[in-house]
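Q:
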Amino acid sequence: MKTNVLDKLTTIIAVSAITLLVWLWAEGRITKDGDVNLTVQFTGQNLKIIPEEEMVKVQFRASQSAIDALKKDLNDNGDIIKIPVSSDQNSVSIKDALDDSELFKEHVITIKNTSPPTMPLDVIPLETKMVRVAAKTNGNVRLDNTSIEPSEVSVTLPAAQADSVNDVSVYLQPEDYHNAEENVPQSAVLPVRLNNFIPEGMVKITPEVVKLNYTIQNQTEVYQMPSVPIVVSVAPDIRKGREVLLPENQKVLRDVVFEGPKDLIEMIKRHERRVEAVIRPTAAQLESGGWNATIEIMKPDQVRVVSPSPLPQIPVTVQQQSSDGSAANGGLTGVVPGS
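One gets my numbering by counting positions in the sequence shown from 1 and adding 738 to each.
1. Between 1029, 1010, 1012, which lies nearest to residue 1019 when the distance is taken from Cα to Cα?
2. If we ignore side chains and look at the alpha-carbon of each, how far apart do residue 1057 and residue 982 end up?
3. Straight-line CA distance for residue 803 to residue 894?
4. Between 870, 911, 777, which has its C-alpha nearest residue 816's C-alpha?
5. I believe residue 871 touches residue 908 by the beta-carbon criterion, under 8 Å. Please report the beta-carbon distance rounded to the nearest angstrom.
6. Quick one: what's residue 851 bridged to in DSSP?
7. How many whole angstroms separate the CB atoms of residue 1016 and residue 1034, which I take to be in contact at a CB cut-off of 8 Å?
8. Just the Cα atoms here: how many angstroms apart are residue 810 and residue 953?
9. What do you get for residue 1023, buried or exposed, if any count of 16 or more other CB atoms within 10 angstroms of its CB means buried?
10. Please identify the residue among 1005, 1043, 774 whose C-alpha is closest to the C-alpha of residue 799.
11. Round the Cβ separation of residue 772 and residue 823 to the nearest angstrom and send it over; I've been treating them as touching at under 8 Å.
12. Rounded to whole angstroms, what's the CA-CA distance from residue 879 to residue 1055? Just pull it up for me.
13. Between the segment 921 to 934 and the segment 966 to 985, do at least 3 Cβ pairs fall closer than 8 Å?
14. Judging by CA-CA distance, which residue of 1044, 873, 904, 748 is the nearest neighbour of residue 867?
15. Locate the beta strand (DSSP E) running through residue 812, then write down its first and last residues.
16. Determine, using beta carbons only, whether residue 684 and residue 994 come nearer to each other than 8 Å.
17. Less than 6 Å between C-beta atoms, sequence neighbours within five positions excluded: which residues of the same chain meet that for residue 770?
18. Residue 818 and residue 794 look like a contact to me (Cβ under 8 Å); what is the Cβ gap, rounded to whole Å?
19. Classify residue 947 as buried or exposed, calling it buried when 16 or more other Cβ atoms lie within 10 Å of its own Cβ.
20. Could you work out which residue in 1053, 945, 876, 958 is closest to residue 890 when comparing CA atoms only?
21. To the nearest whole angstrom, what separates the beta carbons of residue 681 and residue 864, a pair I think is in contact under 8 Å?
22. Using 10 angstroms around the beta-carbon of residue 845, count the other beta-carbons present and answer buried if the total reaches 16, otherwise exposed.
23. Of the residues 786, 923, 1011, 847, which one's Cα is nearest the Cα of residue 1078?
24. Have a look at 943, 988, 987, 992 and flag the residue whose alpha-carbon is nearest the alpha-carbon of residue 964.
25. Could you compute how far the alpha carbon of residue 855 sits from the alpha carbon of residue 834?
26. To the nearest angstrom, how far is the alpha carbon of residue 1045 from that of residue 996?
27. Can you find the residues in the same chain that come closer than 6 Å, C-beta to C-beta, to residue 921, ignoring five residues on each side of it along the sequence?
28. Using a Cβ-Cβ cut-off of 6 Å (strictly less than) and excluding sequence neighbours within five positions of residue 915, which residues of its own chain qualify?
29. Please report the straight-line C-alpha distance between residue 911 and residue 1039, rounded to a whole angstrom.
30. Buried or exposed: where does residue 843 fall if 16 or more other Cβ atoms within 10 Å of its Cβ makes it buried?
31. Could you please give me the residues that DSSP links to residue 771 through a beta bridge?
32. For residue 838, which residues in the same chain have their Cβ closer than 8 Å to its Cβ, ignoring the five residues on either side in sequence?
33. Return the Cβ separation of residue 1051 and residue 1032 in integer angstroms, given the expectation that the two are a contact with Cβ distance under 8 Å.
Encoded structure:
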């Protein structure tokens, strides 16, 4: 008797389990609408594709089991699906591309629509070439005994501009060598820069940094100029017939010391670059009749004044000219005409 009851219970449990499994299987086979947000990445060999990726909302119909499997696989891949692009494409149908993707094919998912449905693309063919690295410097030094490791780098850039790029550069800045001694071997790790202008993001340089071995030679020279003429520059609209008088013993600045690149200093010595001390009065100063004037040294930008420092102030006075052009006091001894 007990055996019959046990057999019946076993049969009931087995039938229930099979019924449940059949129901779960049938439920999993019932298709329903679903949607998912994912990122599509546009890829192509030797191509720069703009945009590189796009957020997409996909609406589809599939079984619950397929939806669960799709979402798991997407999660494992960071919600990213790669879409191949060819060089002659200028747009891509997101729906068609996803229909052809292995992920959606594998799970038997019917895509109804995508947002956006189509993505316009800018596809730029790229070329990779090896180019030489040159060393340059900013400042008043010359680089000697240079070597670069590696001496060549790989540059990937738009194919249309590849012929114009034959080398790249590393720039040794003053802050890189400010403590360096002359003729003593030095080294620095520096970023590689493109000499040509190509929009940011369109060029890849490998490696991005190189090691520069070098010694420096100082190209700065100090020069003491015996005298620098002082001139007064007055704007015509505020002159109004007035002249500025300098003291008899202060028509020039004496023993002015300059420091700068040797080539510019040599040009100053040969009087090929103009150097002068300028006073620029304001209308209020001219009205005042006299003041201690501030001097501005006109010189090449790369040259600095070492001394005198600070520059002296010059006591000046203002003289009104008479109608015939002479000074009201009968003469303008010591007047420096305005320019």
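Each residue gets a CB set at the ideal place from its N, CA and C atoms; glycine is no exception.
A: Let me lay it out:
1. The shortest C-alpha separation from residue 1019 is found at 1029.
2. When rounded, the distance between both Cα atoms is 6 Å.
3. Cα to Cα, the separation comes out at about 45 Å.
4. With distances taken between Cα atoms, residue 816 lies closest to 777.
5. Your pair residue 871 and residue 908 checks out as a contact, with CB atoms roughly 6 Å apart and the cut at 8 Å.
6. Assignment of beta-bridge partners to residue 851 by DSSP yields 797.
7. With a Cβ gap of about 5 Å, residue 1016 and residue 1034 count as contacting.
8. Linking residue 810 to residue 953 through their CA atoms gives a straight-line distance of about 59 Å.
9. Per the 10 Å Cβ criterion, buried.
10. Comparing Cα-Cα distances from residue 799 to each of 1005, 1043, 774, the minimum goes to 774.
11. That belief does not hold up - the Cβ atoms of residue 772 and residue 823 are roughly 27 Å apart, past 8 Å.
12. Here the alpha carbon of residue 879 sits roughly 45 Å from the alpha carbon of residue 1055.
13. With fewer than three CB-CB distances shorter than 8 Å, the segment 921 to 934 does not count as touching the segment 966 to 985.
14. Here the closest residue by C-alpha is 904.
15. Careful: residue 812 lies outside any beta strand (DSSP E), inside the alpha helix (DSSP H) at 802 to 814.
16. Only positions 739 to 1077 of the chain appear in this structure, which leaves residue 684 out of reach.
17. Apart from sequence neighbours up to five positions away, no residue of its chain approaches residue 770 with a beta-carbon distance below 6 Å.
18. In fact, because the Cβ distance is near 11 Å, the residues do not count as touching under 8 Å.
19. Of the other Cβ atoms in all chains shown, fewer than 16 fall within 10 Å of the Cβ of residue 947; this residue is therefore exposed.
20. Among 1053, 945, 876, 958, the Cα nearest to that of residue 890 is on 945.
21. There is no way to answer for residue 681, as the model of the chain reaches only from 739 to 1077.
22. By the neighbour-count definition (other C-beta atoms within 10 Å, threshold 16), residue 845 is a buried residue.
23. Any property of residue 1078 remains undetermined from this structure, which presents the chain solely from 739 to 1077.
24. Ranking the options by Cα distance to residue 964, first place goes to 992.
25. Our two residues, residue 855 and residue 834, have alpha carbons roughly 9 Å apart in a direct line.
26. Taking the straight line joining both Cα atoms gives about 7 Å.
27. Only 953 meet the Cβ criterion.
28. Cβ neighbours of residue 915 beyond the five flanking positions: 954.
29. Distance between the alpha carbons of residue 911 and residue 1039 is about 18 Å.
30. The residue is exposed, with fewer than 16 neighbouring Cβ atoms inside 10 Å.
31. For residue 771, the beta-bridge partners assigned by DSSP are 799.
32. Taken in chain order, the list of residues that qualify is empty.
33. Beta-carbon to beta-carbon, residue 1051 and residue 1032 are separated by about 6 Å, close enough to satisfy the 8 Å threshold.
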